[in-house]
Amino acid sequence: MKLKTKNLLTLAELTPKEFVQLIDYSIILKKELKRNVNKPVLKNKTLTMIFQKPSTRTRVSFETGMYQLGGHAINLSSNDMQLSRGESIEDTARTLSRFTDCIMARVYDHNLLEKLSEYASIPVINGLSNSFHPCQILADFMTIKEKKKNFKGLKIAWIGDGNNVCNSMIYGCALSGVKISIATPKGFEPDKTVIHESKKFIDINLTTDPVNAIKNADVVVTDTYSSIHNIDSKRINKFLPKYQINQTLMNNAQSDAIFMHCLPAKRESEVTSSVIDGPQSVVWDEAENRLHTQKALLASLIRA
Ligand code: CP
Ligand code: NVA
1218 MKLKTKNLLT LAELTPKEFV QLIDYSIILK KELKRNVNKP VLKNKTLTMI FQKPSTRTRV
1278 SFETGMYQLG GHAINLSSND MQLSRGESIE DTARTLSRFT DCIMARVYDH NLLEKLSEYA
1338 SIPVINGLSN SFHPCQILAD FMTIKEKKKN FKGLKIAWIG DGNNVCNSMI YGCALSGVKI
1398 SIATPKGFEP DKTVIHESKK FIDINLTTDP VNAIKNADVV VTDTYSSIHN IDSKRINKFL
1458 PKYQINQTLM NNAQSDAIFM HCLPAKRESE VTSSVIDGPQ SVVWDEAENR LHTQKALLAS
1518 LIRA
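1218 is the number of the first residue of the sequence shown in the working numbering; add one for each residue after it.
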């Protein structure tokens, strides 16, 4: 499949149909890989990966994904690039477009991705910004589809920080028609524009009460209280103990609810070990699915 959009910066570039097709394509790629089938659809193609922030899953899944599709990935820390000595984003984008076929960047300021995509003639993928993490949410909805079979009638509960992953989760819900209930402390709500745009398509319940949010949820999601761009040891006091996902809180969700977390997790902080290591947790499938969704995305964005 080929996507209409040139870039993937927020998920809002996708149509609902494309979102579902990408997930279905990822499921096919996963099945093929399990049978040792790797079609070299990106033979001779190169992905440039730029990291302003650390990463384990995003870096390894993109690099492995390119390799399995017959292509190649170059990993660059922004500190090692001329960007760190003042070369402009515009000139970096123009240069990389002459050598390689796609850019994936993990950045602080989301505007930097917009600028990169404006001046690059090749696709630009957001590998996480302070505002969004679209690739994570593709993997999350693939995992939900695998576990629940269908998006229809599902309810997601997001408990904790209304952060970059939460913003993309809301877009994912709007694209799939899944209801979402979000419990955050006051002042930690997700982006107002994302809520406003998504409310046109789905029910969004915003609350400060985690028990209210998790009631009858099919999928329970949280993330760290300290994102890479938000490291402040006092932040945790705004969340604990009220917003921690523990078994007592989980018991308010559907009995077959699944627990998700993009990882890395801080055990006994946003989630207890008994939940993340327990039978309702699907976090390792979720992590694995980063590989399959990344491959589907790369194959659908990079032109022949
Ligand atoms: N979930 C995620 O993006 O993980 P990394 O920070 O390890 O890439
Ligand atoms: N919200 C976290 C996600 C890490 C994958 C962060 O931005 O650090």
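All C-beta atoms, glycine included, are put in the ideal place defined by N, C-alpha and C.
Around the Cβ of residue i, are there at least 16 other Cβ atoms within 10 angstroms (buried) or fewer (exposed)?
i       : result
Thr1335 : Residue identity differs from the one stated: residue 1335 is Glu in this sequence, not Thr. Flag for Glu1335 reads exposed.
Thr1232 : exposed
Met1283 : buried
Trp1375 : buried
Pro1257 : exposed
Asp1449 : exposed
Ala1400 : buried
Gly1303 : exposed
Gly1495 : exposed
Lys1262 : buried
Comparing alpha-carbon positions, which option in the options lies nearest residue i?
i       : options                            : result
Gly1377 : Ser1450, Ile1462, His1350          : Ile1462
Ala1391 : Ser1305, Val1411, Arg1452, Thr1401 : Val1411
Ala1419 : Phe1405, Asp1408, Glu1406, Lys1396 : The sequence given here places Ile at residue 1419; Ala does not occur at that position. Ranking the options by Cα distance to Ile1419, first place goes to Lys1396.
Tyr1388 : Ala1434, Pro1402, His1289, Asp1408 : Asp1408
Thr1273 : Ala1482, Ile1453, Ser1491          : Ala1482
Ser1278 : Met1321, Ser1305, Leu1220          : Met1321
Thr1309 : Glu1230, Leu1286, His1327, Ser1338 : Ser1338
Val1499 : Ile1445, Gly1344, Asp1473, Gly1287 : Asp1473
Val1254 : Gly1287, Lys1234, Leu1225          : Gly1287
Phe1358 : Val1382, Ile1342, Ser1348          : Val1382
Ile1445 : Ala1504, Leu1466, Asn1380, Gln1471 : Asn1380
Thr1424 : Lys1416, Ser1398, Met1467          : Ser1398
For residue i, I'd like the list of residues in its chain whose CB is within less than 7 Å of its CB, leaving aside the five on either flank, ordered along the chain.
i       : result
Val1324 : Gln1269, Leu1330, Ser1346
Ser1295 : Ile1267, Phe1268, Gln1269, Ser1301
Lys1364 : Ile1475, Val1499
Determine which residues share a DSSP beta bridge with residue i and list them.
i       : result
His1289 : Thr1263
Leu1508 : Answer by DSSP bridge pairing: none, since Leu1508 is not bridged.
Ile1399 : Trp1375, Leu1423
Met1218 : Bridge partners of Met1218: none, in fact.
Asn1384 : DSSP, once it has assigned bridges, lists no residue as partnering Asn1384.
Thr1439 : His1478
Cys1319 : Leu1264
Using a Cβ-Cβ cut-off of 6 Å (strictly less than) and excluding sequence neighbours within five positions of residue i, which residues of its own chain qualify?
i       : result
Lys1223 : Pro1340
Ser1469 : Correcting the residue type first, residue 1469 is Asn in the shown sequence and not Ser. If we look at Asn1469 and ignore the five residues flanking it on each side, its Cβ neighbours are Val1428, Ile1431, Lys1432.
Tyr1460 : Ile1376, Gly1377, Pro1427
Answer yes or no: do residue i and residue j have a C-beta to C-beta separation smaller than 8 Å?
i       : j       : result
Leu1371 : Val1436 : yes
Leu1508 : Thr1281 : yes
Leu1246 : Ala1513 : yes
Val1492 : Gln1464 : yes
Asp1318 : Ile1519 : yes
His1478 : Asp1502 : no
Thr1275 : Pro1351 : no
Thr1265 : Leu1293 : yes
With 8 Å set as the bound, which would you pick, yes or no: does the beta-carbon of residue i sit closer than that to a beta-carbon of chain D?
i       : result
Thr1222 : Absent here is chain D; the protein component of the structure consists of one chain.
With a threshold of 8 Å on Cβ separation, who are the neighbours of residue i within its own chain once the five nearest residues in sequence on each side are excluded?
i       : result
Gln1238 : Met1218
Lys1455 : Pro1402, Gly1404, Phe1405, Tyr1442
Val1488 : Thr1439, Gln1461, Ile1462, Asn1463, Phe1476, His1478, Ala1482
Leu1313 : Thr1265, Ile1320, Ala1337, Ile1339
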